[in-house]
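Numbering follows the UniProt record's numbering, with no gaps: position 859 of the sequence shown is 859. Just so you know, even glycine gets a beta-carbon here, dropped at the ideal spot from N, CA and C. Just so you know, these numbers come straight off a predicted model, no measurement behind them. Here the structure is laid out as structure tokens; the discussion comes afterwards.
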Amino acid sequence: MAAPVLSTLHHVTERKLNKLAHHREKFEADKKAILAKAASASNPRAGVEALLEGFELHGITPKSDDIFLENMERFVHQAKHDLSVSPTLLRDWQLKLEHELDVASVKYEYAALFGKLVIEWINEPNPAASTIGGYSESNSSGVSVKSDSFDATGRKEMYEQRREWEGYAFIERKVDQAKIAAYLDDIFGVTMQAKKVKKTPLRNLQDSMKAVMDFKSDLQTPKRKLDRHDKLIVAPEVRFTVDKLKSCIRGLLQMDFFDGKKREALADLSSQPAVLTELVDVLNMDLDDLDHWTWDPSPVPLNMRRQLNGKYRVYMDEETHQAILLHFIGKTWAVALKQAFNAFYHSGAWLQTPYRPIGQMARQRRDYFIPATTSDTVRNFRRRQYQEEYFMTQLPGSAFDDRPDYDAEGQNEPSSPLKTPHATKQALLRLVTTEMLLNTKVYGDFLVIQSDFKWFGPSLPHDTISAVLKFFGVPGKWLRFFKKFLEAPVAFAQDGPGAEAQVRKCGIPMSHVLSDALSETVLFCLDFAVNKRTKGANIHRFHDDLWIWGQEATCQQAWDAMQEFTAIMGLQLKEEKTGSALIVANKANARDLPATLPRGQIKWGFLTLDADAGRWVIDRSQVDEHISELRRQLEACRSVMAWVQAWNSYVSRFFATNFGQPANCFGRQHNDMIIDTFAYIQRSLFVDTGTANATDHLRGMLKDRFGTDDSVPDGFFYFPVEFGGLGLRNPLIDAFATYKKSLKSSSERIDRAFEEEQEEYEKLKESWDNGDTKPSIQSRAAYKRMKSSVFPKEDSATDTEADEAFMTLDEFTSYREDVSAHLHRAYTNLLEAPTEEYVAASSDFLSAIRNNSSTAVDLDTPYWRWVFSLYAGDMKQKFGGHGLQLGERDMLPVGLVDVLKSEKVRWEG
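Set out below in structure tokens:
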């Protein structure tokens with residue numbers, strides 16, 4: 001968050017709270033006077049009159065929809081003369097008006113409590129929010145400052161992982177560049193050129209590299225020769241502008257590049273137009289002098305940040321101006337590489353031969369008998385999906401779109417037209433599961449292989465990157481720049497100002513888009529190698545997480561290609577994340593995995609694949625480890641709202657993400673498993689605290705810190721901050737909201753597709769037998785040519801529609817992936833998430849939700865409607881009206897909370 005913005009909001013919040021305290025004090029005095037006058041009244045009617053006079057005198061407006069002061073004044077006047085208006089009715093009005101006063105007191109009380117919680121959050125930040133291993137972010141001189149915060153010595157795991165990281169980053173990994181070149185020439189060099197194209201796809205790719213960020217020798221750009229030293233000169237059209245600079249700033253913030261003061265300063269920079277203009281000039285000067293670029297200051301400080309999965313990442317705390325320059329160059333190169341790779345994909349070099357494809361003869365017979373064929377097939381869908389959602393999707397499509405960053409925890413992902421990394425990972429899990437269901441039904445078995453590279457980022461040899469870039473035609477001047485980028489002089493900030501600088505000899509810097517561009521270029525070679533060696537299969541990849549599936553022969557070829565690539569490129573596969581599984585539909589046909597395939601378990605998040613059952617199950621041992629870690633993180637929270645934020649990130653995002661969100665391919669049993677596991681987490685987490693759940697624990701925190709009593713309603717914890725609640729997330733609701741719409745048995749969806757195929761076959765056969773279906777002229781001629789080539793001596797006189805028996809059911813259902821629209825619908829349906837159900841609510845209640853929603857937040861969602869409806873009764877009684885607004889909106893420091901929430905959670909190291 002930007003420091004000036006935070007300071008301003010803090011000041012505004014204090015003003016709001018002071019004003020709130022003044023209003024509350026005045027209201028309580030007015031309330032006391034009104035109630036005293038009502039209590040001294042001689043009869044019920046006089047008591048109501050006293051209350052009405054007090055409401056009018058002090059400008060108090062009831063919030064309940066069923067109280068109209070004007071009507072009560074009329075009715076009280078009536079009661080003075082009409083004895084049919086009973087004292088009981090008058091006492092009921094008096095109780096309602098007194099309850100309105102109590103409701104107003106409660107709203108002031110909870111608005112004040114909300115404000116105190118926000119101030120506590122500011123004054124008591126989590127130690128992990130600014131420190132890792134006992135050291136805060138660097139000060140202005142780049143020197144790390146010691147902190148006396150929680151766990152000041154850092155964890156044993158942090159030091160172990162640091163030593164392992166150093167073992168990769170500072171030791172040069174030798175590879176045979178000539179062997180890499182020969183391998184790439186074998187893979188890419190024999191790609192055939194398309195018809196009427198002079199250059200091969202590889203040559204087009206290589207030629208495109210020469211123009212990236214350089215002067216172009218075409219008609220649109222003036223020609224200019226490079227000097228004899230091959231100086232790196234950036235093209236005039238590739239320059240910084242204020243808009244591009246702002247995009248780079250957003251990109252660095254989104255990628256979580258900086259934390260602490262540097263992040264605050266970077267965020268504030270976008271609102272300084274004069275500074276931006278000056279900075280554009282300086283950055284363009286840097287582009288003009290890239291040949292002399294070096295890391296400055298040197299060495300670059302390194303900081304370690306802990307991720308929820310237990311792994312530490314090493315971040316470079318580089319100078320802000322330098323980070324912007326590198327981001328700009330990285331974005332430009334990443335886009336150029338993606339365009340070149342996409343062109344290669346569509347060049348004809350990328351093979352599209354599927355497993356058991358329909359042949360020409362079978363296709364002609366089908367066209368003959370069934371004139372109207374469909375293009376909505378599984379095979380066609382697969383091709384489109386791979387291209388659009390998995391091929392090079394880690395690289396941005398345009399230089400200054402703000403693409404989502406890879407985040408293993410799914411935190412703070414921006415709304416974007418691009419698919420977020422979180423969504424991609426969930427989609428990949430659904431895709432594997434759907435393919436498993438389809439293959440076991442269609443072919444009887446399914447094989448899947450999973451792997452990733454061991455410490456891929458730190459272990460990627462610089463010589464490997466150089467050899468690949470050189471093969472693809474990247475000019476020497478850029479190879480030199482990339483070498484300087486990779487060989488950064490660094491020192492760990494926690495070692496103090498006297499730490500000795502070391503030059504990186506291996507690996508890529510963390511969280512740089514230029515690092516993504518370079519690593520994806522290497523992995524593009526793996527993508528094509530698998531496609532080439534398998535003659536048409538595609539490896540599905542999310543960064544260096546590798547998946548291949550299908551039939552045994554194809555998977556074996558892909559595994560051989562993966563091992564070949566790994567050995568030649570100087571990489572290692574991670575043994576603990578490498579495995580395979582064979583799922584067989586008929587257990588009588590069960591067999592062992594081929595001896596040449598890896599033996600590890602298939603895992604995704606906290607899920608393991610049960611090959612015998614053909615389904616995913618949650619690994620409770622991993623859950624137990626993270627329950628202990630969650631308890632540790634929550635205990636480190638110094639404020640109630642930081643506790644809520646940590647809970648939401650860990651439980652409602654991290655756990656929920658790693659359980660696999662409900663989908664049609666999982667079936668309802670997956671919802672049951674998620675619900676049971678979250679119940680287990682909550683029981684286990686609070687077993688030693690004397691409380692049963694998160695709300696009871698928070699209620700105790702409020703009592704200890706702010707003197708509240710046990711009457712704090714559950715809705716206060718779960719309602720959104722826009723209404724004055726704490727926004728605590730309930731992870732069970734999402735599983736319950738999709739429960740009824742989840743398929744009872746996901747495999748039955750494909751069985752239904754088979755039944756639909758049979759119904760279609762019977763209709764088509766009946767239509768053919770009745771003579772209602774006639775082949776088209778084109779299909780008749782093609783079929784006749786095909787028959788004459790296969791049966792040249794057959795009497796052509798018999799070749800009439802009347803003599804042709806309609807195809808058999810077996811022939812009709814052959815090649816289902818190529819021809820069946822029913823299977824295509826089942827396949828795409830299984831990939832989808834079940835619809836979230838909205839709980840029932842009255843029209844008045846829904847109108848109240850929509851009217852109270854801010855323009856930036858839509859609260860009429862299945863989740864929030866569930867929360868509002870669940871706690872409506874108690875909240876309505878306590879806060880009046882529909883029970884939605886817990887405090888006076890203009891008194892709530894919601895803006896400050898939004899800023900605080902925007903800062904990504906830093907986990908205690």
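Close beta carbons around residue i, own chain, < 7 Å, minus the five adjacent residues each side
i	result
Phe806	Phe369, Lys765, Trp768, Asp769
Phe471	Ala181, Leu184
Gly536	Leu351, Gln352, Thr353, Pro354
Leu90	Pro44, Arg45, Val48, Ala79
Whether residue i touches residue j by CB criterion (8 Å)
i	j	result
Phe879	Leu886	yes
Glu832	Asn664	yes
Val867	Phe719	yes
Thr708	Leu20	no
Ile508	Leu486	yes
Ile539	Leu526	yes
Leu252	Ala340	no
Ala848	Ile750	no
Leu395	Phe542	no
Ser747	Arg668	no
Arg173	Pro489	no
Asp818	Arg384	no
Arg24	Tyr108	yes
Lys577	Gln426	no
Met436	Gly600	no
Other residues of its chain near residue i: CB distance less than 6 Å, five sequence neighbours each side excluded
i	result
Ser776	Pro371
Tyr838	Pro862, Arg865
His11	none
Asp463	Val175, Gln177
Ala336	Val212
Ile674	Phe659, Ala735
Ser779	Asp367, Tyr368
Coil, strand or helix - residue i by DSSP
i	result
Arg263	helix
Arg749	helix
Leu609	strand
Ser105	helix
Trp455	coil
Pro461	strand
Ser842	coil
Ala781	helix
Met304	strand
Arg638	coil
Gly579	strand
Nearest-angstrom Cα separation, counted from residue j out to residue i
i	j	result
Leu571	Phe456	8 Å
Leu593	Leu447	9 Å
Gly444	Thr813	15 Å
Gln161	Gly359	54 Å
Glu500	His292	24 Å
Asp376	Gln494	58 Å
Thr434	Arg382	12 Å
Arg785	Gln758	29 Å
His77	Ala33	23 Å
Leu287	Pro458	28 Å
Pro297	Met304	19 Å
Phe400	Ala111	42 Å
Met285	Ala265	23 Å
Phe686	Val106	29 Å
Glu157	Met701	31 Å
Same chain only: Cβ atoms within 8 Å of residue i, ignoring 5 sequence neighbours per side
i	result
Gln94	Ala38, Pro44, Gly47, Val48, Leu51
Asp407	Bear in mind that the predicted position of Asp407 carries a pLDDT of just 47, short of 50, making it unreliable; the figure below should be weighed with that in mind. These residues qualify, in order along the chain: Asp256, Glu413, Pro421, His422.
Chain B contact for residue i (CB, 8 Å cutoff)
i	result
Leu726	This model lacks chain B altogether; it includes just one protein chain.
Are the stretch 594 to 602 and the stretch 545 to 562 touching by the rule of at least three beta carbon pairs closer than 8 Å?
yes
At a cut of 8 Å, does the stretch 573 to 593 reach the stretch 616 to 624 through at least three beta carbon pairs?
no
Taking 8 Å as the cut-off, does the stretch 116 to 125 touch the stretch 640 to 656 (at least 3 CB pairs, one atom from each stretch)?
yes
Examine the Cβ distances between the stretch 302 to 319 and the stretch 155 to 173 and report whether three or more of them are shorter than 8 Å.
yes
Three or more C-beta pairs under 8 Å: does that hold for the stretch 647 to 657 against the stretch 723 to 739?
yes
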